[in-house]
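These notes concern the structure reproduced below.
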Amino acid sequence: MNPSRQTEREKLEHCKKSPWSFFIRNRIISFIVVVGIITSGVISAYTIPKEAQPEVKIPMAVVATTLPGATPTDVEALLTKPVENKIAGLSDINKLSSSSGFNSSIVTVEFDADVEISDAINDLQKAADQAKSDLPDDVIGPEVIEISFSDFPIITFSLISDISPLDLSEIAETVKLELEGMSGVLKAPISGQVEKEIKIILDQAKLENLGMTILDISNIIKFSNFNLPAGAVNIDTSTYSIRFEGRITQVEELSKIVIAPDVLLGDIATVLLKTDKQSSLSRIAEAGGETRNAISISVYKTTGGNIIEVADKSKELVDQLKEDKLIPDGVDVIVASDNSFFIREDLNTLTTSGVQTFFIIIAILFLAIGLRQGLLASIAVPLTFLIALTLLQAQGQTLNSLTMFSLVISLGLLVDTAIVIMEGIHTNITEGYTVKEAAMISIETFRWPLITGTATTVFVFFPMLLLSGIIGQFMKTMPITISAALISSLFISLAIIPAIATKFIKADKFRAKTPKNTLSPLINWLKKKQEKRLNISIKSKWKRRGLILAPVVAFIASLMLPASGILGVEMFGNFGVDYFVIKIETPRGTVLEETEKVVTKVENLVYEIPELKNFVSVVGSNQSAALTDEGLSGAGTNLNSHVANITVNLTEKGTRKRASYDIAGDFRDKVKATITEGKITVVEIQGGPPSEAPVVVNVTGNDMDTLKEIAAEVKTKLETIEGTKNVSDNLSKGLNEFVYTLDRDKLAYHGLSGIQVAATIRGIVQETNATEITLNGEDIEVNLQYNTDDLSISNIENFQIPSPKGYSVPLKDIGSYSFEESLSSIQHKDEEKIATVTSEITTDANALLITEEIQNKMADYQVPNGFQITYGGDLENITGSFNELGQAMLIGILLIAMTLILQFNSIKQTLIILFTLPLGLIGVFPGLMLLGMDFSFSAFIGIVALAGVVVNNAIVLIDRMNKNRIEEEMSLEDAVLDGARSRLQPIILTTITTVLGMIPIAFADEFWRGISVSLAFGLSTSTMLTLVVTPSMYYAFERKKALKAGKTPRTPHTTPQEDLPMPEPEKTIFNVVEGDPVKKVQDSVNKNNGELPDIHSIQ
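Last residue of the sequence shown: number 1222 in this note's numbering, and the count goes up by one each step with no gaps.
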């Protein structure tokens, strides 16, 4: 016997003293740890914040500036450019863009991903403050607003009643204040309410006779509404402060303000308290019912708030307000939308999938190694999840759909380590070891392969944290969650499960009634096929090479599927939910009543949807435009009167046959054929984080007329491409303009300036806010306007402009006007004008192919000098995100390679293991094509996950072959055949559990189906090929080394047993003992006072 080989006694002693056996030796500590895991995990499950999607925290902000009455051209010149110039000098800016609209400028700043957002916002505010000195005196702002992509309403309540709109609005205000007082609620804005307003209508003729302007009146009112301290005075021995109380507290007081000697405001104006000011309309309708006017209250949560908790507490609060009669009888409150429903649905769906996967795993383990052992292996699942939840909460993570999906998808991965350990215990017990010894030997045998295998999987996921931008923020939850689950699983498998097994498995009963392996016929059949193929490979060099080269050819052929366009590529596809949104836009400047007429026509078509549950219409507001020029308004101007949106809620998925995107697609066609007024866009909900349209064409340059021409050409060509929908550009028509050109000579003659004239006319045509007074505790605006109901160009031309020389001159005497069309907004990117043409795509279309086609169509177009056409959308997102994901994957593979080199101390064997990576890809692309799916971002993530999983099988195989050659002194051929044969069952078991575990997930969530399909098909293909190709490559790589070492092709001993671990032949109990081996061993132990005798003495 080789003296270097350990005896069985030495091996057992080493295992017993190993720190890895600590929990087996101290079983009570194991159970205490389990109790701690359960306690902390359950607490975390209840207290961890829950939300629909991961919070996307991108360092982004906007600088908003308003100049009432200014056109987009004026805004660009007077507001946007000065602000951009100051901001462009800041460091750490990734992207700079802007939108100059009617009245308002919005400059959007995206900082570098690693910047500290609070510092960046402070620097941005300083730059905005510096720009203020370059702006007109009467601007509002600039205001710096940080953007949050998680800022969307959690739940929306609609109040419906036949009481007066003003009374209903006051009730809504009460509900709003109560909701905003709740913890976890950020804000609760109201839409559709009416407001009080004091309107002062000035008589133009009387004011002109006084030689005064509306600005003069505004200043007089402002200075008449004051409280002013006047200092302090000492009287006798006391000091008294003096304060003048001049605040206006009654509407009637306004009429008594002195405007000029013997002239009161009431003499030249009418003062009205209006109670019907309404900037937006809100209404709701059930399927088959009439629309009812409503006031809506949308509840937003704070960052990190629990979406389910906020929604539930909001409902409870509203119910309590009803009981307390703060919401009186006769006022109905309905939940118009509840976004917590989606997280509940996701949690329920993924929980159901997780339970299904769990029982599938138990069933497979029961068939393979018996019920008790299967249940013990399955303990890893709940314990791992509880540890993972504790770790996630400690890291400040939330429980969302991506977290849940990551946990469910890790189900099939995390049980692999438990299966290998239980398989080892099972084998060791059948070979005569006690349960404790079997557990210790199993840990000693498999700890490094399992640690290495887990490390490779973690390493391939972890670099996903390097992804940048919105995608990176969205996806970072996945590597954190899966890594936490896998590391937790490794701990449970190596520490807890063996200790528990020693308590619940009895060796005598186990050997007396060995669990029936139902999968034995399948396993034995596979072993025969495997051995036959390996024997052919070992005996024939050319067949061995062919066996290795064939997968290479198949891999290249598989890559050709997406490269040739046979397999489509997309970023995030549509997925079915229970609603879609209709956006309506009439020409800018359209009054609210006219926009409402278009909305009514659209509503009539909505009623015809068979799957309709209800719909909510909001006219004069567009939530999706909250941070665009459409979302900011100037004083006294309703800029949103031309926009509206309708949220169409559908019946639940299980009760209808059509998906929401199919219903929305049919509705889009019907609207296009029926309604010609305005721009109507039907928006289906897309998967993934916030993103732009799938197809985007950008045209940049400094001449707007040329930009319009190029954009029109792009739009025309794009509309001819099959699969496009909602083709639009950002050059929509704005308000028609009367452009006045002032004569500088005449201005000088009358002592006027252009600014004076413009400010005077603005006061005439634009409602002016004078002040704000408090009536009965309520702040009410006081606005001024002329009696201009019959306002016309002729009237404007005859307006009198007061001259400093003591007389007035009509506007027509100092200038002339022309009629021009204007844009609704002017966009900039990196301080350069940009026109953008976008298109959504139909469900059967591919954004990359459409982008490629529009590129081909524009290839012959002669782009003028100074202008450039670039392509974004999915092309840019896929290129950027796929490149980053590919880089992350390469980093993961590099980490895997380093880990393998450290374990095996062999570059050759590392390369053999890494060769399993392309073996997985052979099945991925054909699998996606077989199921009619495109290669999406989620499918790519599946490939990344696959890279960390497929190598595990090769690690276990090569580890066993190496041990056969070193510890068992087998020949190369025997080591290969035995290693492949003995590792086939655990490899097949782990693959079956992982693949079958993917099935419920694939059917549960359309968005993440790509990951499931990639893993299932890739792992299936890789496993079957690995069982043959990896041993063949091992033999080919190690053959020369074996021959140089003088090893014979095959040693004379018999083929080793199929199960693990392989005891040394001269000490194998069942090879030397006749009769009942267990009884003879026990008798010998009794004769030797409890000491284990030499095995050869037992005869």
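Here a beta-carbon is modelled for each residue, glycine too, at the ideal position from N, C-alpha and C. Just so it is clear, the structure is predicted and the values come from calculations on it, not from any experiment.
Would you mind giving the Cβ-Cβ distance between residue i and residue j, rounded to the nearest angstrom? I have them listed as a contact below 8 Å.
i	j	result
Leu657	Leu1107	Not quite, the Cβ-Cβ distance comes to about 11 Å (not below 8 Å), so this is no contact.
Ile973	Thr1146	That belief does not hold up - the Cβ atoms of Ile973 and Thr1146 are roughly 37 Å apart, past 8 Å.
Asn849	Glu963	4 Å
Thr194	Glu860	6 Å
Glu239	Ala184	At roughly 13 Å, the Cβ-Cβ gap does not stay under 8 Å, so Glu239 and Ala184 are not in contact.
Gly307	Lys424	6 Å
Ser228	Thr170	So it is not a contact: roughly 44 Å between Cβ atoms.
Ile937	Lys980	Contact flag wrong, Cβ pair sits at about 51 Å.
Val794	Val725	7 Å
Can you list, in chain order, the residues of its chain with a C-beta nearer than 8 Å to that of residue i? Leave out the 5 residues immediately preceding and following it.
i	result
Thr1174	With a pLDDT of 45 at Thr1174, under the threshold of 50, the modelled position of this residue cannot be trusted; read the value that follows with caution. For Thr1174, where only same-chain residues beyond five positions count, the Cβ hits under 8 Å are Glu1092, Met1093, Ser1094 and Asp1097.
Leu325	Ile337, Ile340, Ile391, Ala392, Leu907, Gln908, Tyr909 and Asn910
Ile466	Lys173, Glu174, Ala175, Ile430, Ile431, Asn523 and Ser524
Leu387	Ser378, Lys379, Ile380 and Val381
Gln653	Ala1103, Arg1104, Leu1107, Leu1150 and Val1151
Ser141	Met563, Ile566 and Glu567
Leu509	Ile160, Ile161, Ser163, Gly164, Val165, Ser167 and Ala168
Cys138	Ser144, Glu560, Met563, Ile564, Ile566 and Glu567
Of the residues the options, which one's Cα is nearest the Cα of residue i?
i	options	result
Asn217	Asn226, Pro205, Ile430 and Thr231	Thr231
Gln401	Ala835, Leu291 and Leu1044	Leu291
Ile1064	Ala1020, Leu1042, Gly1015 and Leu404	Gly1015
Gly212	Asp246, Ile229, Thr414 and Asp237	Asp246
Ile603	Lys629, Ile884 and Thr521	Thr521
Ala1068	Ile574, Phe585, Ser287 and Tyr730	Phe585
Ile147	Ser616, Thr625, Ile286 and Thr297	Thr625
Leu289	Leu1080, Asp399 and Val676	Asp399
Leu258	Leu201, Gly304 and Val158	Leu201
Pro572	Thr1114, Thr1113, Gly1120 and Val1079	Val1079
Glu836	Glu944, Val960 and Ala882	Val960
Asp967	Leu934, Asp447 and Gly1055	Gly1055
Asn1075	Thr723, Thr1117 and Leu1051	Thr1117
Asp902	Ser256, Glu318 and Ile151	Glu318
Val771	Glu409, Leu351 and Thr829	Glu409
Glu904	Ile916, Ser915, Glu546 and Glu890	Glu890
Measuring from the CB of residue i, is there a heavy atom of the ligand GDP at a distance below 8 Å?
i	result
Tyr872	Within the structure as shown, the ligand GDP is missing, as the structure has no ligands at all.
List the DSSP bridge partners of residue i.
i	result
Met183	Glu233
Pro927	None; Pro927 has no bridge partner.
Ala408	Phe738
Ile358	Ser361
Thr194	DSSP lists no partner for Thr194.
Can you tell me whether residue i is helix, strand or coil according to DSSP?
i	result
Ser141	coil
Pro505	helix
Asn772	strand
Gln991	strand
Ser687	coil
Asp967	coil
Phe922	coil
Glu303	helix
Gln176	coil
Ser421	strand
Ile286	coil
Asp1199	Confidence at Asp1199 is low in this model, with a pLDDT of 45, below 50, so the placement of that residue is unreliable and no value is reported for it.
His873	helix
Identify, in the order they occur along the chain, each residue of the same chain with its Cβ nearer than 6 Å to the Cβ of residue i, setting aside the five sequence neighbours on each side.
i	result
Ala251	Val186, Pro265 and Val267
Leu1018	Phe582
Gly334	Pro925
Lys322	Leu395, Lys397 and Asn906
Gln1026	Thr575
Thr1144	Ile1045 and Gly1046
Leu1023	Thr1033 and Ile1036
Note down, in chain order, each residue of its chain lying with its Cβ closer than 7 Å to the Cβ of residue i, except the 5 sequence neighbours on either side.
i	result
Asp461	Ile278 and Ala434
Phe1038	Met1156
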